[in-house]
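As numbered in mature numbering (1 follows the signal peptide of the UniProt record, and there is no 0), residues -19 to -1, 1 to 113 make up the sequence shown, in order. Below is one structure, written out as structure tokens; the observations come after it.
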Amino acid sequence: MSRKLLALALAAAFLPGLAAAEKVTVYKSTGASGETVYSQVQVTGSEAVQVNADSPEAQAAQAAEPEASPTQKACDMARANLEVLSSGRPVQFDRDGDGEMDIMSDDELATNRENAQRQVRAYCEPVAGEGE
């Protein structure tokens, strides 16, 4: 097979993937200092723009999203745990680290649910006087 034919075959194979690059919507607006701002969240006066997921605009919008604080992450995890433990479905876990999954007993579920409720209260409920 000639090199030109091989190159053409490879190009034809990769073109559909390039044409189908994932599109995302970002919102373009002007900041207080006149700078262009991209965000994943629509704000007043912003313009919706369709861009490729790997474009600089999409990367800027991704970077602009604030990361959750450690307390918020702990709150989210505690709520997720409480939801699973309160679902009424069997909960599996590796009791002794051997890779075999065991089902929590009713007593274990109750104890873990109480612990999860305490974690939700500790991480998710505001402390009196905080934020005032």
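No residue lacks a Cβ here, since even glycine has one placed at the ideal position from N, Cα and C.
Quick one: what's residue i bridged to in DSSP?
| i | result |
| --- | --- |
| V48 | According to the sequence shown, residue 48 is Glu rather than Val. Looking at the DSSP assignment, E48 forms no beta bridge with any residue, so it has no partner. |
| D83 | F74 |
| N33 | K4 |
| T11 | T17 |
| E28 | K9 |
Just to confirm before moving on: does the CB-CB distance between residue i and residue j stay below 7 angstroms?
| i | j | result |
| --- | --- | --- |
| L66 | N93 | yes |
| Q73 | I84 | yes |
| Y104 | T25 | no |
| S27 | S10 | yes |
| T6 | Q31 | yes |
Would residue i be called buried (16 or more neighbouring beta carbons within 10 Å of its own) or exposed?
| i | result |
| --- | --- |
| A13 | exposed |
| L(-2) | In this prediction, L(-2) has a pLDDT of 46, which is less than 50 and means its spatial position is unreliable; what the coordinates show is noted afterwards. Under this definition L(-2) is an exposed residue. |
| A29 | exposed |
| A1 | Low confidence applies to A1: its pLDDT is 49, below 50, so where it sits in the model is not reliable enough to give any reading. |
| A59 | buried |
| A97 | buried |
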